[in-house]
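Input: a single structure, listed below in structure tokens.
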Amino acid sequence: MLITSESAAGEALEEVGQLQRSAEDGNLAGGHAGDQMVERADAVVEYFLAMGSSNLYGPLIEPLMQWAQFAMAPIWLRNPETQTGREAKQVYESIRMFFEKYSHLQTTD
Numbered sequence: 029m030l031i032t033s034e035s036a037a038g039e040a041l042e043e044v045g046q047l048q049r050s051a052e053d054g055n056l057a058g059g060h061a062g063d064q065m066v067e068r069a070d071a072v073v074e075y076f077l078a079m080g081s082s083n084l085y086g087p088l089i090e091p092l093m094q095w096a097q098f099a100m101a102p103i104w105l106r107n108p109e110t111q112t113g114r115e116a117k118q119v120y121e122s123i124r125m126f127f128e129k130y131s132h133l134q135t136t137d
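Quick note on numbering: the sequence shown equals residues 29 to 137 in the working numbering.
See the structure below:
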């Protein structure tokens with residue numbers, strides 16, 4: 029996915045939100061919902077980095093990780109052997125890798 033404008037970045041973030049709500053409703057897309065979120069979030073981060081912005085950790089990266097921790101982790105920790113639990117773990121792991129990729133953007137203000 030390639031983002032070429034702020035409006036396209038906004039649309040991609042809206043899609044991330046839709047995917048989050050869908051995942052919270054149990055629609056984990058076979059565990060690929062996380063990959064879909066990360067694809068969009070990664071494109072947004074890359075766009076803004078290319079535009080010279082580095083203020084992405086607080087507004088995007090950290091909140092996505094927190095969402096995974098509070099929405100997905102409890103599902104797979106409570107039910108690790110179920111299909112839903114395995115899919116929730118896949119979603120969580122996709123987002124965790126995204127978080128680790130961009131954790132260097134955290135500032136110590």
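Every residue gets a Cβ at the ideal spot worked out from N, C-alpha and C, and that includes glycine.
Roughly how far, in whole angstroms, is the beta-carbon of residue i from the beta-carbon of residue j, given that I think they are within contact range, below 8 Å?
i	j	result
Tyr75	Met100	Not a contact, Cβ separation roughly 25 Å.
Leu77	Phe126	Rounded, the Cβ-Cβ distance is 14 Å, inconsistent with contact.
Output the distance between the C-alpha atoms of residue i and residue j, rounded to the nearest integer angstrom.
i	j	result
Leu41	Leu105	27 Å
Gly58	Glu115	6 Å
Thr165	Gln97	In the structure as shown, the chain begins at 29 and stops at 137. Residue 165 is therefore absent and cannot be evaluated.
Go ahead and label residue i buried or exposed: buried means 16 or more other beta carbons lie within 10 angstroms of its beta carbon, across all protein chains shown.
i	result
Lys117	buried
Gln64	buried
Leu84	buried
Arg49	exposed
Leu30	exposed
In the DSSP assignment, find the unbroken alpha helix (DSSP H) run with residue i in it and report its ends.
i	result
Pro91	Glu90 to Trp95
Met65	Ala61 to Ala78
Ile31	Taken as a continuous stretch (DSSP letters only), Ile31 belongs to no alpha helix (DSSP H), as it is neither H nor E.
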